[in-house]
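J.: Right, I'll just put the structure down here and ask away after.
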Amino acid sequence: MSGAIKTHIENHIAWLTIDHEAKRNALTQVMWRSLDEALKHLQQLPEVRVLVVRGAGDQAFSAGADIKEFTEMVSAPDKLASNNRLIQQAQQSLQTFTKPTIAMIHGACVGGGCGLALACDFRLAASSARFAITPAKLGLLYSKADTRRLYNLVGPAACRELLFTGTSIDADKALRVGLVNEVHEQNTLLDRVTRFAGELATASQYSLRGIKQLLASLEGHGNLDDDQLQGLFDDAFNGEDCREGCQAFLQKRPPQFTYS
11 MSGAIKTHIE NHIAWLTIDH EAKRNALTQV MWRSLDEALK HLQQLPEVRV LVVRGAGDQA
71 FSAGADIKEF TEMVSAPDKL ASNNRLIQQA QQSLQTFTKP TIAMIHGACV GGGCGLALAC
131 DFRLAASSAR FAITPAKLGL LYSKADTRRL YNLVGPAACR ELLFTGTSID ADKALRVGLV
191 NEVHEQNTLL DRVTRFAGEL ATASQYSLRG IKQLLASLEG HGNLDDDQLQ GLFDDAFNGE
251 DCREGCQAFL QKRPPQFTYS
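Counted from 1, the sequence shown has number 37 at position 27 by my numbering; the numbering is strictly sequential.
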């Protein structure tokens, strides 16, 4: 059975599911294209304030690219180059998604699947999760964008270890090196992710969007110059959310942000 990218929206949270259980949620070329299209569609919806990316079933977040399909492309350079562009475009769309993104990780998170998790703002993992970045075991390279994301998260020592060896690490080590933000038992992970996403959904969307743009600049992949970033900072003080946040603080009540 071929895989699919499925989405649904509930309480301002968009849930995007990589559904290819027969292959541990490996992504085919069609799925990479569908992923990119789904991300671009969800980003345009004002009701979406947070995105959660997850894998179907209980065996894997994603095993990355479909290796069987990949090996069939090796003898067709044009198809292979097109597939690589699709993968990089989908990961770029996830990284530049203007709203907070959370990877909800259980089971295997390997190769391109790990690349998707790296492109998210947060990674919350089940204790059952295992991570491996395996290009060196396939005679390949991780892309520059993927390598930069990994390096920014875990630093030079852990980055080299993960890339050079392709070794699988468990959730506890992933937490120690900074690859994930939190680790939970698998039966509590969904509740934790839902609560965390809900907290983000009630925050100032103007602030969160601006924070993402500032961080993108610091990480080397932003598209705003220093003057534009300073403009975002200055505009915040004149926005409705700033006034509402200050009033809510003084009145000891939860803020109701509306500024966009």
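Even for Gly, the Cβ is constructed at its ideal location relative to N, Cα and C.
What does the Cβ neighbour count give for residue 65, buried or exposed, with the cut at 16 atoms within 10 Å?
T.: Locating residue 65 in the sequence shown gives position 55, where the first residue counts as 1. Result: buried.
J.: Can you give the beta carbon distance from residue 36 to residue 74, rounded, assuming they're within the 8 Å contact cut?
T.: The residue you call residue 36 lines up with position 26 of the sequence shown. The residue you call residue 74 lines up with position 64 of the sequence shown. Indeed they touch by this definition, with Cβ atoms about 6 Å apart.
J.: Could you work out which residue in 266, 228 and 245 is closest to residue 255 when comparing CA atoms only?
T.: Taking the first residue of the sequence shown as 1, we reach residue 255 at position 245. Closest option to residue 255, Cα to Cα, is 266.
J.: If you drop the 5 nearest sequence neighbours on each side, which residues of the same chain put their C-beta closer than 8 Å to that of residue 24?
T.: Here residue 24 refers to the residue found at position 14 when the sequence shown is read from its first residue. Result list for residue 24: 17, 18, 52, 55, 58, 60, 61 and 62, in chain order.
J.: What does residue 25 pair with, by DSSP beta-bridge criteria?
T.: What you label residue 25 is simply residue 15 of the sequence shown in a count that begins at 1. Bridge partners of residue 25: 18 and 62.
J.: Compute the distance between the beta-carbons of residue 99 and residue 129, then report whether it is under 7 Å.
T.: Locating residue 99 in the sequence shown gives position 89, counting from the first residue. Locating residue 129 in the sequence shown gives position 119, counting from the first residue. Not closer than 7 Å, so no.
J.: What do you get for residue 230, buried or exposed, if any count of 16 or more other CB atoms within 10 angstroms of its CB means buried?
T.: The count along the sequence shown starts at 1 and reaches residue 230 at position 220. Burial call: exposed.
J.: Determine the burial state of residue 244: buried for a count of at least 16 other Cβ atoms within 10 Å of its Cβ, exposed for fewer.
T.: Stepping through the sequence shown from its first residue, residue 244 is reached at position 234. Exposed.
J.: If I measure Cβ to Cβ from residue 136 and keep anything under 8 Å in the same chain, skipping five residues before and after, which residues do I get?
T.: Taking the sequence shown and counting its residues from 1, one reaches residue 136 at position 126. Taken in chain order, the residues that qualify are 115, 116, 117, 181, 193, 194, 195, 196 and 199.
J.: Any idea which residues DSSP pairs residue 119 with across the strands?
T.: Residue 119 sits at position 109 when you count from the first residue of the sequence shown. Partner(s): 72 and 141.
J.: Can you pull the DSSP bridge partners for residue 111?
T.: Counting from 1 along the sequence shown, the entry for residue 111 is found at position 101. For residue 111, which the question treats as bridged, DSSP gives the partners 61.
J.: Return the Cβ separation of residue 72 and residue 126 in integer angstroms, given the expectation that the two are a contact with Cβ distance under 8 Å.
T.: By one-based count along the sequence shown, residue 72 stands at place 62. By one-based count along the sequence shown, residue 126 stands at place 116. Confirmed, about 6 Å.
J.: Give every residue of the same chain whose Cβ lies closer than 7 Å to the Cβ of residue 42, excluding the five residues on either side of it in the sequence, and list them in chain order.
T.: Mapped onto the sequence shown, residue 42 falls at position 32. Excluding residues within five positions, the ones whose Cβ falls inside 7 Å are 96, 97 and 100.
J.: Starting from residue 272 and walking both ways along the beta strand (DSSP E), at which residues does that stretch end?
T.: In this structure the chain extends from 11 to 270, so residue 272 is not present and cannot be described.
J.: If you measure between the beta carbons of residue 207 and residue 112, is that distance less than 7 Å?
T.: Within the sequence shown, numbered from 1, the residue matching residue 207 stands at position 197. Within the sequence shown, numbered from 1, the residue matching residue 112 stands at position 102. For residue 207 and residue 112, yes; Cβs fall inside 7 Å.
J.: For residue 134, does the three-state DSSP call read helix, strand or coil?
T.: Position 124 of the sequence shown, counting from 1, holds the residue named residue 134. Three-state result, residue 134: strand.
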